[in-house]
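2 protein chains.
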Amino acid sequence: MPNIANDPKRKSWIEVSKESDFPIQNIPFGVFITKEDVITIGTRIGDSAIDMGALQQLGYFEGIDLTDDMFMQDTLNDFISDGKKTWRLVRNRLVEIFSIDNPKLRDNKKHCDVVIFDMKDVEMLLPVQIGDYTDFYSSKEHATNVGKMFRDPENALLPNWLHIPVGYHGRSSTIVPSGVSVKRPNGQTLPPGETQPVFGPSKSVDFELETAFITTDANLIGEPIPVGEAEDYIFGMVLFNDWSARDIQKWEYVPLGPFLAKNFASSISPWIVTMDALEAFRVKSPEQNPAPLSYLQQTGDNAFDINLEVSIKPESSEETVVSKSNFKYMYWSMSQQLAHHTVNGCRINSGDMMGSGTISGPTPDSFGSMLELTWGGKNPIKLNDGTERKFINDNDTVIIRGYCENEDMRIGFGECSSKLLPALKIK
Amino acid sequence: MPNIANDPKRKSWIEVSKESDFPIQNIPFGVFITKEDVITIGTRIGDSAIDMGALQQLGYFEGIDLTDDMFMQDTLNDFISDGKKTWRLVRNRLVEIFSIDNPKLRDNKKHCDVVIFDMKDVEMLLPVQIGDYTDFYSSKEHATNVGKMFRDPENALLPNWLHIPVGYHGRSSTIVPSGVSVKRPNGQTLPPGETQPVFGPSKSVDFELETAFITTDANLIGEPIPVGEAEDYIFGMVLFNDWSARDIQKWEYVPLGPFLAKNFASSISPWIVTMDALEAFRVKSPEQNPAPLSYLQQTGDNAFDINLEVSIKPESSEETVVSKSNFKYMYWSMSQQLAHHTVNGCRINSGDMMGSGTISGPTPDSFGSMLELTWGGKNPIKLNDGTERKFINDNDTVIIRGYCENEDMRIGFGECSSKLLPALKIK
Chain A
13 MPNIANDPKR KSWIEVSKES DFPIQNIPFG VFITKEDVIT IGTRIGDSAI
63 DMGALQQLGY FEGIDLTDDM FMQDTLNDFI SDGKKTWRLV RNRLVEIFSI
113 DNPKLRDNKK HCDVVIFDMK DVEMLLPVQI GDYTDFYSSK EHATNVGKMF
163 RDPENALLPN WLHIPVGYHG RSSTIVPSGV SVKRPNGQTL PPGETQPVFG
213 PSKSVDFELE TAFITTDANL IGEPIPVGEA EDYIFGMVLF NDWSARDIQK
263 WEYVPLGPFL AKNFASSISP WIVTMDALEA FRVKSPEQNP APLSYLQQTG
313 DNAFDINLEV SIKPESSEET VVSKSNFKYM YWSMSQQLAH HTVNGCRINS
363 GDMMGSGTIS GPTPDSFGSM LELTWGGKNP IKLNDGTERK FINDNDTVII
413 RGYCENEDMR IGFGECSSKL LPALKIK
Chain B
13 MPNIANDPKR KSWIEVSKES DFPIQNIPFG VFITKEDVIT IGTRIGDSAI
63 DMGALQQLGY FEGIDLTDDM FMQDTLNDFI SDGKKTWRLV RNRLVEIFSI
113 DNPKLRDNKK HCDVVIFDMK DVEMLLPVQI GDYTDFYSSK EHATNVGKMF
163 RDPENALLPN WLHIPVGYHG RSSTIVPSGV SVKRPNGQTL PPGETQPVFG
213 PSKSVDFELE TAFITTDANL IGEPIPVGEA EDYIFGMVLF NDWSARDIQK
263 WEYVPLGPFL AKNFASSISP WIVTMDALEA FRVKSPEQNP APLSYLQQTG
313 DNAFDINLEV SIKPESSEET VVSKSNFKYM YWSMSQQLAH HTVNGCRINS
363 GDMMGSGTIS GPTPDSFGSM LELTWGGKNP IKLNDGTERK FINDNDTVII
413 RGYCENEDMR IGFGECSSKL LPALKIK
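Here it is in structure tokens:
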């Protein structure tokens, strides 16, 4: 199945600005609701949302083997279940429909009216029903920074870190799409120097700059996925803010890991950018030394050059970029994460989500959390409006952006943006 | 809504032996498939499986506000969503239908033929689609035993343990019903005295004796559930074997908790016993000292007197009971677990499952895992066939049983039974 959709020379009859994350070479997938309360699966070109449910009803996917209501659903899970061959057929077809020289839809005003919406007129929903969500911890710089701050600066990495793509399970039920506000959590913390915990709003709510990938049905219980095949089971990627309450985390996480410090909310960008769309931006992963065990060994370019940045926007002033990082810094690749996750026979379903872990780069301005950027609150960050932040304040909005770019094109994710609301008052 | 179903004097026209876990006072809910490949929601009396889908089609639930296909589904999630009032109406109705003096179904042979099956002729399936699964760590004896073995015998409990019902997220996708065999997992371990990990089958696969509760939709994101209301959101309980690979766990779990050591498989008993059915078996929880923070304080009898036992059955000999414990030993109640889980606003959905954590009692024969029973493999257990076990051998079947009993009646869970198959060979 040739991947014709990636031709960098192709142009669309939908106008796309040069800075857009969504040229006709992207064709991400998402779910949106229109002003008329219609929920549909769709894609995006420039600032236009494309109703794929309407396209299907009008016969534009004829010849592709799809169930009749494939795109008239409120999640992408069934489409993702259909596998890589179908994803390519559909993405290629969409590219044909919107190619500048194809008059079929372009010149049919009636059809255009029910298919194409201004992004301003739709609301993005969660693109998948997430069955299980796993978060990894795969940035060596991040793990080293955390180890230096909280354990031994001389032996910052734990003994297992260079051998295992360390991961843990998270909570699916509180993953929300970009645009949905998040409440500061209440919880137990142990004030410094005290022996009795107290209850109240977290005083150190942080973001974590991550990406996440969405899987298709990959295996039955008991069947591992070899590292060399793992990418075939990855549908695409999103930006991910793994909101974290550091004071709650510190008190609760030994010995079974973070729990309430994380599961109050996690935010994702709403458009899933396919692995096919990211193909041109493959790069080498960092060298792995010591060599991992054989079930984790892989060849080729398994990292992706995705520019990432985080901004904080106070309620009544402009945003300030506080971090610039890149997905290519990840020590463990997504294929290695998925091979590790399944080597014991763990089943992976359509719509499962796996987070990268905080993506920190080598320089202090590329760290992926306030914890690291302010080094545990010791060095507050100055925002453009003159105020300072150790962590995130009430009514701040945290915005993650991500994009790939070369001479030919730019493929981006849009935004993962969410506002932190004050904590609920509990007696 | 009176809970008439609990009358201990009531008898059914379906014969029930005195030792049965399933008298007419139980009325648990489950999902089964018949020999004719019909999947339905059902209940059980004695050794009879009752097809509630057929009962609904024949009009036996008339007058109760239910969707037309409520019981013709392959999961209980929608029924559980309908809430406590509906659960009671349906359970009361079932009790009426099967009461010894009610001729309506009893004397209608045609109806009986399509409604009542021998348990031997049906296969039990997972009763719910589990969205999120959380496991707690709420037995003081278990946490103390683990602390003594792996940390400091003098300070076995970690500082947070008496303040927090410690919990962590698990994997939903590999939860299987009783009767489904489980493969010994492959994975990374660090052999004693070595610095480089090796790959291969786990050498220390263990059971964990647990119960679990199933929730209904309880809250929106951001809304805590008060401890005094928490039980209204618990539909019922099952027996739970949280299979664990101790050698994999030891190497992977610091700092983010157990992952591949647990998510290869977890087994549950297939009948959900409702909280209403357990009402007569309430007892006091162990005293909590220090007093927990106010959001965790509760009054009344919040523990349940549920006898639990674990057997190991080698492939070609009889089973040996290796542990006798009781759910009443739990330090933290289910209400406290649910109140804690949601105090930060974490959303709870219909069909979510929460495990108790290993339930160990005060005496060595009441410990809930081989790790504790053999004290880390130091004191192997002798089985009735003369063989010894440090952990679970290939082709052993682990059987958990549980029941409540007083002078009037016995309400039980049946079995959670699963066989450990040899590991898959991986090159």
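Residue numbers (our numbering), protein chains in the order written: chain A, 13 to 439; chain B, 13 to 439. Positions of the beta carbon are idealized from the N, C-alpha and C atoms, including for glycine.
Item                                                                                                                      : Value
Proximity test, Cβ basis, 8 Å: Tyr-245(A) and chain B                                                                     : no
CA-to-CA distance, Met-421(A) to Pro-189(A), given in whole angstroms                                                     : 26 Å
Beta-carbon gap between Arg-258(B) and Asp-218(B) smaller than 8 Å                                                        : yes
At least three beta-carbon pairs within less than 8 Å, the region 77–89 of chain B to the region 361–369 of chain B       : yes
C-alpha gap between Glu-330(A) and Ile-412(A), whole angstroms                                                            : 15 Å
Among Thr-332(B), Thr-228(B), Val-285(B), the one whose alpha carbon lies nearest that of Asn-396(B)                      : Thr-332(B)
Through-space distance from Glu-264(A) to Met-161(A), alpha-carbon basis                                                  : 18 Å
Spatial distance of Ser-256(A) from Ile-62(B) (CA atoms)                                                                  : 47 Å
Pair within 8 Å by beta-carbon distance, Phe-44(B) and Leu-137(B)                                                         : yes
Other residues of its chain near Glu-135(B): CB distance less than 7 Å, five sequence neighbours each side excluded       : Phe-44, Ile-45
Of the residues Asp-317(A), Asp-144(A), Asp-59(A), the one placed nearest Met-131(A), counting alpha carbons only         : Asp-59(A)
Inter-stretch contact (C-beta, 8 Å, three-pair minimum) for the region 61–81 of chain B and the region 316–328 of chain B : no
Asp-133(B) burial status per 10 Å Cβ neighbour count (16 or more: buried)                                                 : exposed
Cβ contact check for the region 376–385 of chain A and the region 335–342 of chain A: 3 or more pairs under 8 Å           : yes
Chain D contact for Ser-184(A) (CB, 8 Å cutoff)                                                                           : Among the protein chains in the structure shown, which are A and B, there is no chain D.
Sub-8 Å separation of Ser-281(A) and Leu-251(A) beta-carbons                                                              : yes
Pair within 8 Å by beta-carbon distance, Asp-254(A) and Gly-367(A)                                                        : yes
For Ile-45(B), the first and last residue of its enclosing alpha helix (DSSP H)                                           : Where Ile-45(B) is concerned, there is no enclosing alpha helix (DSSP H), although the beta strand (DSSP E) it sits in stretches over 42–46.
Closer than 7 Å: Cys-416(A) CB and nearest the ligand NAD heavy atom                                                      : No copy of the ligand NAD appears in this structure; indeed no ligand is present at all.
Residues in the region 299–316 of chain B having any Cβ partner in chain A nearer than 8 Å                                : Pro-302, Leu-305, Ser-306, Tyr-307
Nonlocal neighbours in the same chain, by C-beta distance under 8 Å from Glu-222(B), ignoring five residues either side   : Asp-147, Leu-251, Phe-252, Asn-253, Asp-254, Gly-367, Ser-368, Gly-369, Thr-370, Ile-371, Gly-380
Contacts of Lys-195(B) in chain A (Cβ-Cβ under 7 Å)                                                                       : Gly-234, Gly-357
Neighbour list for Asn-361(A) in chain B, Cβ cutoff strictly below 7 Å                                                    : Ser-185
Neighbour list for Asp-229(A) in chain B, Cβ cutoff strictly below 8 Å                                                    : By Cβ distance, chain B contributes nothing, its closest Cβ being about 10 Å from Asp-229(A), past 8 Å.
CA-to-CA distance, Val-285(A) to Thr-156(B), given in whole angstroms                                                     : 48 Å
Proximal residues to Asn-120(B) (C-beta, below 6 Å), its chain only, five neighbours per side dropped                     : none
Proximity test, Cβ basis, 8 Å: Gln-348(A) and chain B                                                                     : no
Three-state secondary structure (DSSP) of Gln-300(B)                                                                      : coil
Short CB-CB distance (under 8 Å) between Trp-263(B) and chain A                                                           : yes
Pair within 8 Å by beta-carbon distance, Ile-53(A) and Phe-34(A)                                                          : no
CB contact check: Ile-237(A) to chain B, cutoff 8 Å                                                                       : no
Simplified DSSP assignment, three categories, for Arg-22(B)                                                               : coil
Residue from Ser-185(A), Asn-407(A), Gly-414(A) with nearest C-alpha to Ser-32(A)                                         : Gly-414(A)
Reference Ser-185(A); option with closest CA among Phe-41(A), Lys-340(A), Lys-274(A), Asp-406(A)                          : Lys-274(A)
Beta-carbon proximity list for Ser-150(B), same chain, < 7 Å, skipping 5 on both sides                                    : Pro-177, Met-342, Tyr-343, Trp-344, Gln-349, Ser-368, Gly-369
DSSP state of Gly-312(A) mapped onto helix, strand, coil                                                                  : coil
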